[in-house]
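Undergrad: The structure's right below; bear with me while I get my questions together.
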Ligand code: HEM
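Numbering (our numbering), first residue to last: 2 to 207.
Below, the structure written as structure tokens:
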């Protein structure tokens with residue numbers, strides 16, 4: 002078994018801050034939206050915390066974005082240039098998660114420093130990082146100061162529309178985190194992927 006360095010330090014730092022921040026955003030967001038059900042902190046403290054962590058996460062997003070913009074490691078996110086091969090790999094990964102894994106079959110994806118994600122991970126992470134995170138950030142920013150952004154808010158359909166999109170993304174992230182943490186436990190040991198992403202950067206390659 003050899004070790005390969007798949008998560009460079011900037012990505013591990015970004016991910017640690019991002020994961021902690023998102024969990025706090027979900028908890029404070031829940032308290033703000035459903036005031037009276039989960040009163041862990043005073044209301045105004047919760048508002049301030051939600052706003053400040055939001056700004057930290059927006060800045061932190063650029064660590065991830067700029068790292069991949071200027072690193073050849075971005076190849077992990079590139080799809081296969083042959084659509085036929087891309088489809089076949091995606092299909093066999095779906096088969097693995099839906100069936101093979103329960104039969105103890107090997108994971109069809111073999112990790113490499115320039116190919117660390119299977120096709121499903123690569124697609125989902127791009128949707129999350131290039132669509133869901135920017136959208137939750139922009140809607141959050143508009144809601145943060147709705148007076149300052151009145152014309153932009155009106156352009157997107159008003160406070161109710163922007164608030165609803167922000168809320169739907171909140172629901173999406175609640176599901177995403179649960180699935181993501183579960184899938185992260187499916188390495189050769191339960192903690193293998195967590196250790197690699199949060200501490201060492203190294204994954205075992207078989
Ligand atoms: C809450 C606890 C979290 C845990 C335990 C966790 C765990 C992990 C692990 C183990 C990986 C390594 C690759 C893999 O197994 O897929 C990973 C990668 C990743 N996670 Fe998380 N994660 C968490 C939260 C989040 C959140 C909130 C987001 C996004 C909003 C996120 C986005 C990502 C992305 C985009 C990658 C790929 C990073 C790269 O470009 O290399 N994670 N995560």
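Each residue gets a CB set at the ideal place from its N, CA and C atoms; glycine is no exception.
1) For residue 105, which of 189, 41 and 75 has the nearest alpha-carbon?
2) When every heavy atom of ligand 1 is checked, does at least one fall within less than 6 Å of the C-beta of residue 182?
3) Does the beta-carbon of residue 32 have 16 or more other beta-carbons within 10 angstroms, so that it is buried, or is it exposed?
4) On the criterion of 16 or more Cβ atoms from any shown chain inside 10 Å, does residue 85 qualify as buried, or is it exposed?
5) Give the DSSP-derived three-state secondary structure of residue 183 in the structure shown.
6) Let me confirm a value: residue 53 is counted as buried when at least 16 other C-beta atoms fall within 10 Å, else exposed. Which label applies?
7) Any heavy atom of ligand 1 within a distance shorter than 6 Å of the CB on residue 23?
8) Is residue 36 near ligand 1, with its Cβ less than 6 Å from a heavy atom?
9) Enumerate, from N- to C-terminal direction, the unbroken alpha helix (DSSP H) stretches of 4 or more residues contained entirely within the segment 54–128.
10) Residue 1: beta carbon under 6 Å from a heavy atom of ligand 1?
11) In this structure, how does DSSP classify residue 38 when only helix, strand and coil are distinguished?
12) For a test of the three-state rule: what should DSSP assign to residue 3, helix, strand or coil?
13) Using 8 Å for Cβ pairs, my map puts residue 202 next to residue 13. What's the rounded Cβ distance?
14) Just to check, is the beta-carbon of residue 130 closer than 6 Å to a non-hydrogen atom of ligand 1?
15) Which residues bound the beta strand (DSSP E) around residue 206?
16) Using the Cα positions of residue 182 and residue 129, report the straight-line distance between them to the nearest angstrom.
17) Excluding the 5 residues preceding and the 5 following residue 25 in the sequence, name in chain order all residues of the same chain whose CB lies nearer than 6 Å to its CB.
TA: Reading it off the structure:
1) If we check each option's Cα against that of residue 105, 189 comes out closest.
2) Within the cutoff, so yes.
3) Residue 32 is classed as buried because its beta carbon has at least 16 other beta carbons within 10 Å across all chains shown.
4) Burial is judged here by how many other beta carbons sit within 10 angstroms of a residue's own beta carbon; residue 85 has fewer than 16 and is exposed.
5) Assigned with DSSP and collapsed to three states, residue 183 falls in helix.
6) With fewer than 16 Cβ atoms within 10 Å of its Cβ, residue 53 is classed as exposed.
7) Yes, the beta carbon of residue 23 sits closer than 6 Å to at least one heavy atom of ligand 1.
8) Answer for residue 36: no, Cβ out of range of ligand 1.
9) The qualifying runs are 84–99 and 120–128.
10) Here the chain covers residues 2 to 207 and nothing more, so residue 1 does not appear.
11) Three-state DSSP puts residue 38 in coil, outside helix and strand.
12) In the structure shown, residue 3 adopts extended strand secondary structure according to DSSP, grouped into three states.
13) Contact holds; Cβ gap of about 6 Å.
14) Answer for residue 130: yes, Cβ within range of ligand 1.
15) It spans 203–206 - the beta strand (DSSP E) in which residue 206 sits, taken as one unbroken run.
16) Rounded to the nearest whole angstrom, the CA to CA distance from residue 182 to residue 129 is 15 Å.
17) Counting only residues of its own chain and dropping the five nearest sequence neighbours on each side, residue 25 has a CB closer than 6 Å to the CB of 54.
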